[in-house]
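**Student:** Numbering-wise (the numbering used here), the sequence shown opens with residue 252 and increments by one. Glycine included, each C-beta is placed from N, C-alpha and C at the ideal position. Computed from a predicted model, the values in this text were never measured in an experiment. Sharing a structure here in structure tokens format.
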Amino acid sequence: MLETLISETELEAKVSEMARLIKDRYRDEPILLVCVLKGSLYFFSDLSRKLGLNVQIDFIQASSYGSGKSSSGVVQIRKDLDVNIEGLNVIIVEDIVDTGITLNHLRELLSTRRPKTLAVAALLSKTESRKIASPVEFIGFEIPNEFVVGYGLDYAESYRNLPYIAILREG
Ligand code: 5GP
Numbered sequence: 252m253l254e255t256l257i258s259e260t261e262l263e264a265k266v267s268e269m270a271r272l273i274k275d276r277y278r279d280e281p282i283l284l285v286c287v288l289k290g291s292l293y294f295f296s297d298l299s300r301k302l303g304l305n306v307q308i309d310f311i312q313a314s315s316y317g318s319g320k321s322s323s324g325v326v327q328i329r330k331d332l333d334v335n336i337e338g339l340n341v342i343i344v345e346d347i348v349d350t351g352i353t354l355n356h357l358r359e360l361l362s363t364r365r366p367k368t369l370a371v372a373a374l375l376s377k378t379e380s381r382k383i384a385s386p387v388e389f390i391g392f393e394i395p396n397e398f399v400v401g402y403g404l405d406y407a408e409s410y411r412n413l414p415y416i417a418i419l420r421e422g
């Protein structure tokens with residue numbers, strides 16, 4: 252059963268607001284936006300198109316979930332970046348920060364590559380379930396500790412193309 256948590260209109264407004272904050276912070280400096288596949292697909296696509304032309308994009312894929320609803324706690328890099336990020340302003344674009352384990356791993360990995368700056372933009376944050384306090388510079392929505400799908404987020408690879416965010420309940 253799906254219960255709407257964040258509507259399409261609310262998503263649109265929030266992504267615009269986040270883009271404004273990012274533009275204010277970086278002014279005319281070039282940015283490399285890193286899409287964390289697959290969940291941040293739509294957030295990344297909408298955000299990047301609101302940021303103007305001084306933006307390059309690249310993709311990374313990490314995995315800490317199997318096909319179910321809970322994290323395995325072991326982060327694997329399934330696809331690495333193509334670009335050398337040394338000296339660049341890098342923003343990691345995440346769908347959701349839950350325990351913080353994935354983000355912490357990505358931050359540590361990318362910071363060893365000596366970017367000029369490294370920040371994170373996450374659409375959703377479940378602060379209640381955080382196990383590792385990893386900084387998130389730009390947060391869209393704080394949400395309760397529920398399993399959500401849509402706008403890129405899946406359950407066993409389904410529901411990603413739902414245009415809004417919903418809580419997935421049993422039964
Ligand atoms: P963390 O390492 O912070 O526990 O988990 C991060 C990853 O777990 C996210 O990028 C996302 O892929 C997945 N995840 C965490 N919570 C949810 C959720 O409520 N729904 C879905 N679909 N994925 C989630």
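1) Using the three-state DSSP reduction, which class does residue 364 fall into: helix, strand or coil?
2) Is the beta carbon of residue 284 less than 8 Å from the beta carbon of residue 257?
3) Whose CA, out of 278, 413, 287 and 422, lies closest to the CA of residue 329?
4) Out of 352, 333, 360 and 339, which one is the CA nearest neighbour of residue 280?
5) Residues in the same chain with beta-carbon distance under 6 Å from residue 366, minus the five sequence neighbours each way, listed in chain order, please.
6) Cβ of residue 352 versus every heavy atom of the ligand 5GP: is any distance shorter than 7 Å?
7) DSSP three-state call for residue 283: helix, strand or coil?
8) By a C-beta neighbour count over all protein chains shown, 10 Å radius and 16 as the cutoff for buried, is residue 391 buried or exposed?
9) Please classify residue 265: is it buried, with 16 or more other beta-carbons within 10 angstroms of its beta-carbon, or exposed?
10) Along the chain, where does the alpha helix (DSSP H) that runs through residue 266 open and close?
11) Per DSSP, which residues does residue 255 bridge with? Please list them.
12) Just mark residue 291 as buried or exposed, buried being the case when its beta carbon has 16 or more other beta carbons within 10 Å.
13) Tell me the rounded alpha-carbon separation between residue 343 and residue 421.
**Tutor:** Quick answer:
1) Residue state, collapsed to three classes: coil.
2) No, Cβ-Cβ distance for residue 284 and residue 257 is not below 8 Å.
3) If we check each option's Cα against that of residue 329, 287 comes out closest.
4) Each of 352, 333, 360 and 339 was checked against the Cα of residue 280, and the nearest Cα belongs to 339.
5) Counting only Cβ-Cβ distances below 6 Å, and skipping sequence neighbours, we find 336, 339 and 341.
6) Distance from the C-beta of residue 352 to the nearest heavy atom of the ligand 5GP is below 7 Å.
7) Here residue 283 sits in strand by DSSP.
8) Residue 391 is classed as buried because its beta carbon has at least 16 other beta carbons within 10 Å across all chains shown.
9) Classification for residue 265: buried.
10) Secondary structure note for residue 266: its alpha helix (DSSP H) is the uninterrupted segment 259 to 277.
11) Under DSSP, residue 255 shares a beta bridge with 417.
12) Residue 291 is buried by the Cβ-count criterion.
13) Roughly 32 Å between the two C-alpha positions.
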